[in-house]
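Everything on this sheet refers to the single structure shown next.
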Amino acid sequence: MALGTTRRRSPDQARWGTYAILFAIIIVSIFPLYWSVVVSSRDQSAIGRYPPPLVPGGSLWDNLEKAFEQGNFGLALTNSVIVAGTITIAVVFTSTLAGFAFAKLTFRGRGGLFAAVVGTMLVPTQLAIIPLYIMVTQWFGWSNDLRGVIVPALVSAFGVFFMRQYLYSAMPTELLEAGRVDGASTLRIYWSVVLPIARPGAAVLGLLTFITYWNDLFWPLILLNTQNPTVQVAIANTRSGIEVDYSLVLAGTVIATFPMLIVFLVLGRQIIGGIMQGAVKG
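Residues 1 to 282 (the UniProt record's numbering) are what the sequence shown spells out, left to right.
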């Protein structure tokens, strides 16, 4: 070998090294869910056992049944589907419509309005909890009511910003001009031109929104009680006793995880398509 030369790795070695890194990342990512299944399939003593058990036991269905009975998880799952699903549909629709207006339409005050929308993202959620609680419970009478959880979240400043940025770069202005030449109205252009182009970005926004409000605990815990909980409130209620049954808590966690996996599987193709579309344009 000549002096000063370096030995290069073959393409096969680089490929297998990449596979090894990806496999390690997958294991690290999946292990918390697997550990939740292991603990939820055993009794309470498994959480403090050393060495810890790594194989699921035979009590999974018993613990799941106990979680549904004691934690009211049947109603909690229904409430969470209603809350997260309604908010996701509303946020995707309003954010796509407003993002299209801010990205491609010209009207007076567009810059100031967009700055005001983005500025609301700077206000911490906790700062508005007290006035929001007074308004929801005293003005509208929505105490322990799912409407009090849903209505304040129907519009998202982040969603408007996200879809504006996406449509600004993904949608050619020539398509809008062609639609106007053909005599299409703005709403017709939005429905026939903007929505198909916005589908990958809307899928990403929908997934992020669904996960956010499916996992939301702070506001539902304040507004709802144990008789009408969301799934995260139900999980929190299982930890309210003097002695916490972690097998029951993690059984509820397993129950709460599967709907998010289903949503990801449904929207995964659109998300991957959006990533690939951005990579090709880049």
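From the three backbone atoms N, C-alpha and C, an ideal C-beta is built for every residue, glycine too. The structure presented is a predicted model; accordingly, all values stated were derived computationally and were not measured.
Unbroken alpha helix (DSSP H) run spanning residue i, endpoints
{"i": "Val155", "result": "Here Val155 belongs to no alpha helix (DSSP H), and DSSP marks it neither H nor E."}
{"i": "Asn237", "result": "Val231 to Asn237"}
{"i": "Asn63", "result": "Leu60 to Gln70"}
{"i": "Tyr133", "result": "Ile129 to Ile134"}
{"i": "Thr209", "result": "Leu195 to Trp214"}
{"i": "Leu223", "result": "Phe218 to Leu223"}
{"i": "Leu176", "result": "Thr173 to Val181"}
{"i": "Gly111", "result": "Arg110 to Gly119"}
{"i": "Leu187", "result": "Thr186 to Ile189"}
Per-residue burial, residue i [other beta carbons within 10 Å of its own, 16 or more giving buried]
{"i": "Leu3", "result": "Its pLDDT being 48, under 50, Leu3 is placed unreliably by the model, and nothing is read from it."}
{"i": "Asp216", "result": "buried"}
{"i": "Arg42", "result": "buried"}
{"i": "Asn79", "result": "buried"}
{"i": "Gln232", "result": "buried"}
{"i": "Ser156", "result": "buried"}
{"i": "Trp16", "result": "exposed"}
{"i": "Phe210", "result": "buried"}
{"i": "Ala279", "result": "Reliability of the predicted coordinates at Ala279 is poor, the pLDDT of 42 falling under 50, and the value obtained from them is presented with this limitation in mind. Exposed."}
{"i": "Asn144", "result": "exposed"}
Distance between residue j and residue i (C-alpha atoms, nearest Å)
{"i": "Ile129", "j": "Leu146", "result": "16 angstroms"}
{"i": "Arg239", "j": "Pro259", "result": "22 angstroms"}
{"i": "Val39", "j": "Phe68", "result": "17 angstroms"}
{"i": "Ala212", "j": "Gly179", "result": "According to the sequence displayed, residue 212 carries Thr and not Ala. If I take the Cα positions, the gap works out to 36 angstroms."}
{"i": "Ser185", "j": "Val136", "result": "38 angstroms"}
{"i": "Ile82", "j": "Gly111", "result": "35 angstroms"}
{"i": "Tyr34", "j": "Val55", "result": "9 angstroms"}
{"i": "Ala53", "j": "Pro152", "result": "Position check: residue 53 holds Pro in this sequence, whereas Ala was assumed. Between Pro53 and Pro152, the C-alpha separation is close to 44 angstroms."}
{"i": "Leu127", "j": "Tyr19", "result": "46 angstroms"}
{"i": "Thr230", "j": "Trp142", "result": "15 angstroms"}
{"i": "Leu250", "j": "Ile25", "result": "23 angstroms"}
{"i": "Val91", "j": "Gly206", "result": "8 angstroms"}
{"i": "Tyr133", "j": "Leu22", "result": "45 angstroms"}
{"i": "Val263", "j": "Pro200", "result": "14 angstroms"}
{"i": "Leu77", "j": "Leu208", "result": "19 angstroms"}
Coil, strand or helix - residue i by DSSP
{"i": "Arg42", "result": "coil"}
{"i": "Asn79", "result": "helix"}
{"i": "Gly17", "result": "helix"}
{"i": "Leu267", "result": "helix"}
{"i": "Thr137", "result": "helix"}
{"i": "Lys281", "result": "Any reading at Lys281 is ruled out, since the residue's pLDDT is 48, under 50, leaving its predicted position unreliable."}
{"i": "residue 287", "result": "Since the first residue of the chain shown is 1 and the last is 282, residue 287 is not available in this structure."}
{"i": "Gly57", "result": "coil"}
{"i": "Trp142", "result": "coil"}
{"i": "Pro124", "result": "coil"}
{"i": "Tyr50", "result": "coil"}
{"i": "Phe162", "result": "helix"}
{"i": "Glu31", "result": "Note that residue 31 is Phe in the sequence shown here, rather than Glu. Three-state DSSP puts Phe31 in a helix."}
Any C-beta of chain B under 8 angstroms from that of residue i
{"i": "Phe264", "result": "In summary, chain B is missing from the structure at hand, where a single protein chain is found."}
The ligand NAP heavy atom lying under 7 angstroms from the CB of residue i
{"i": "Ile255", "result": "Annotation note on the ligand NAP: not contained in the displayed structure, which lists no ligands."}
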